[in-house]
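Asks: Pasting a structure here, questions to come.
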Amino acid sequence: MSDPYTRSAPFYNPIVEPWLRPIKKKIVQECLRLNLRSVLDVGCGTGTLVELMRKEGIQAMGLDPSPGMIRVSRGNSWGPFFLVRGRGERLPFPSGTFQGLVYSMVLHENSPIRRKEMLAEALRVLSPGGTLFILDYQKPSTPLGHSARRIEYLVEWAVGGDHFRNYRQFMQEGALPAILSHFPPDRVHWEPVFCGSMSLAKIFMQP
Numbered sequence: 010m011s012d013p014y015t016r017s018a019p020f021y022n023p024i025v026e027p028w029l030r031p032i033k034k035k036i037v038q039e040c041l042r043l044n045l046r047s048v049l050d051v052g053c054g055t056g057t058l059v060e061l062m063r064k065e066g067i068q069a070m071g072l073d074p075s076p077g078m079i080r081v082s083r084g085n086s087w088g089p090f091f092l093v094r095g096r097g098e099r100l101p102f103p104s105g106t107f108q109g110l111v112y113s114m115v116l117h118e119n120s121p122i123r124r125k126e127m128l129a130e131a132l133r134v135l136s137p138g139g140t141l142f143i144l145d146y147q148k149p150s151t152p153l154g155h156s157a158r159r160i161e162y163l164v165e166w167a168v169g170g171d172h173f174r175n176y177r178q179f180m181q182e183g184a185l186p187a188i189l190s191h192f193p194p195d196r197v198h199w200e201p202v203f204c205g206s207m208s209l210a211k212i213f214m215q216p
């Protein structure tokens, strides 16, 4: 199967990274505040979040299904040691391995069945009392948020294929709040970002 991200991988950091960098730094600071010492970034792309975490002493690892993204990541001096190729619905780690797990702009590009499998795997590899971070789209409620969503729609449309179809279904189903509606509300903390067109959800596991 061809990798749809091979062509875009070299351009990912110059184009996408400036938008996501502040949120990635926020996730790193939250991991430090919560004393999460081992974190897995699923769908790590070019591995910049893993790099930020390791610079702060967090034992972070990254996983991505795209050979193109992993190839770019492994061009960094630290990349070959802390990045693996794999899929979020079949994580190659024992249960309870990590204190933290991150899905950053990953769920919307997957089918509903695969999203459920990915969330189940996240819960499996998280240790008791761990934290799951999910950054993804939500339905905006302000004019500025709707403007941001129009830009995001064009970005997703440009990727096309299954990615775009899954994105549209994700939004039609109610986006991230609907996907996480089965979690107890008192264990989910929401932080709107990008004018309310996205949200960073923190889900706290039972100790």
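Per my numbering, the very first residue in the sequence shown carries number 10; after that it's consecutive. For each residue, glycine too, the CB sits at the ideal point set by N, CA and C.
Can you tell me where the alpha helix (DSSP H) with THR57 in it begins and where it stops?
Replies: If you number the sequence shown from 1, residue 57 lands on position 48. That run of the alpha helix (DSSP H) goes 57-64.
Asks: In three-state DSSP terms, what is MET70?
Replies: Translated into the one-based positions of the sequence shown, residue 70 becomes position 61. The answer is strand: DSSP assigns MET70 an E or B state.
Asks: Quick check on LEU209: does DSSP put it in helix, strand or coil?
Replies: Residue mapping note: residue 209 aligns to position 200 of the sequence shown, counting from 1. It is a strand residue.
Asks: Flag this pair as yes or no: are the beta carbons of VAL51 and GLY97 separated by less than 8 Å?
Replies: What you label residue 51 is simply residue 42 of the sequence shown in a count that begins at 1. What you label residue 97 is simply residue 88 of the sequence shown in a count that begins at 1. Result yes, Cβ atoms of VAL51 and GLY97 sit closer than 8 Å.
Asks: Can you grab the Cα-Cα spacing for the pair TRP199 / LEU41, in whole Å?
Replies: The residue given as residue 199 occupies position 190 in the sequence shown. The residue given as residue 41 occupies position 32 in the sequence shown. Roughly 18 Å between the two C-alpha positions.
Asks: At what residues does the alpha helix (DSSP H) containing GLU165 begin and finish?
Replies: For the purposes of this step, residue 165 is identified with residue 156 of the sequence shown, where counting begins at 1. Note, GLU165: alpha helix (DSSP H), 152-168.
Asks: What is the DSSP secondary structure of ARG123, counted as helix, strand or coil?
Replies: Position 114 of the sequence shown, counted from the start, is the residue given in the question as residue 123. ARG123: helix per DSSP, three-state reduction.
Asks: Which first and last residues belong to the alpha helix (DSSP H) in which PRO137 is found?
Replies: Stepping through the sequence shown from its first residue, residue 137 is reached at position 128. Looking at the DSSP string, PRO137 is not in any alpha helix (DSSP H); the run it does join, the beta strand (DSSP E), is 135-146.
Asks: My assumption, with CB atoms under 8 Å, is that LEU116 sits in contact with ARG124. Please give the rounded CB distance.
Replies: Position 107 of the sequence shown holds residue 116. Position 115 of the sequence shown holds residue 124. Confirmed, Cβ separation roughly 5 Å.
Asks: With a 10 Å radius around its C-beta and 16 neighbouring C-beta atoms as the bar for buried, classify LYS34 as buried or exposed.
Replies: Residue 34 sits at position 25 when you count from the first residue of the sequence shown. Exposed, by the Cβ-count rule.
Asks: Name the one or two DSSP bridge partners that HIS117 has.
Replies: Residue mapping note: residue 117 aligns to position 108 of the sequence shown, counting from 1. Paired residues: none, contrary to the question.
Asks: So what's LEU92 in DSSP terms, helix, strand or just coil?
Replies: Your numbering for residue 92 matches position 83 in the sequence shown. Reduced to three states, the DSSP call for LEU92 is strand.
Asks: I need the DSSP call for LEU29, collapsed to helix, strand or coil.
Replies: Residue numbering aside, residue 29 sits at position 20 when the sequence shown is read from its first letter. It is helical.
Asks: SER75 to TYR112, Cα distance in whole Å?
Replies: Within the sequence shown, the letter at position 66 stands for residue 75. Within the sequence shown, the letter at position 103 stands for residue 112. Each residue's alpha carbon lies about 15 Å from the other.
Asks: If I follow the unbroken beta strand (DSSP E) through LEU49, where does it start and stop?
Replies: Here residue 49 corresponds to residue number 40 of the sequence shown, with the count starting at 1. Its beta strand (DSSP E) spans residues 47-51.
Asks: Is the Cβ-Cβ distance between GLY67 and ARG46 less than 8 Å?
Replies: The count along the sequence shown starts at 1 and reaches residue 67 at position 58. The count along the sequence shown starts at 1 and reaches residue 46 at position 37. The question names Gly, but residue 67 is Ile in the sequence shown. Yes. Within cutoff.
Asks: Reducing DSSP to helix, strand and coil, say where PRO76 ends up.
Replies: Taking the sequence shown and counting its residues from 1, the one referred to as residue 76 is at position 67. Correct three-state label for PRO76: helix.
Asks: Provide the residue(s) that pair with PRO201 in DSSP beta bridges, ordered along the chain.
Replies: For the purposes of this step, residue 201 is taken as the residue at position 192 of the sequence shown. Answer by DSSP bridge pairing, in chain order: SER208.
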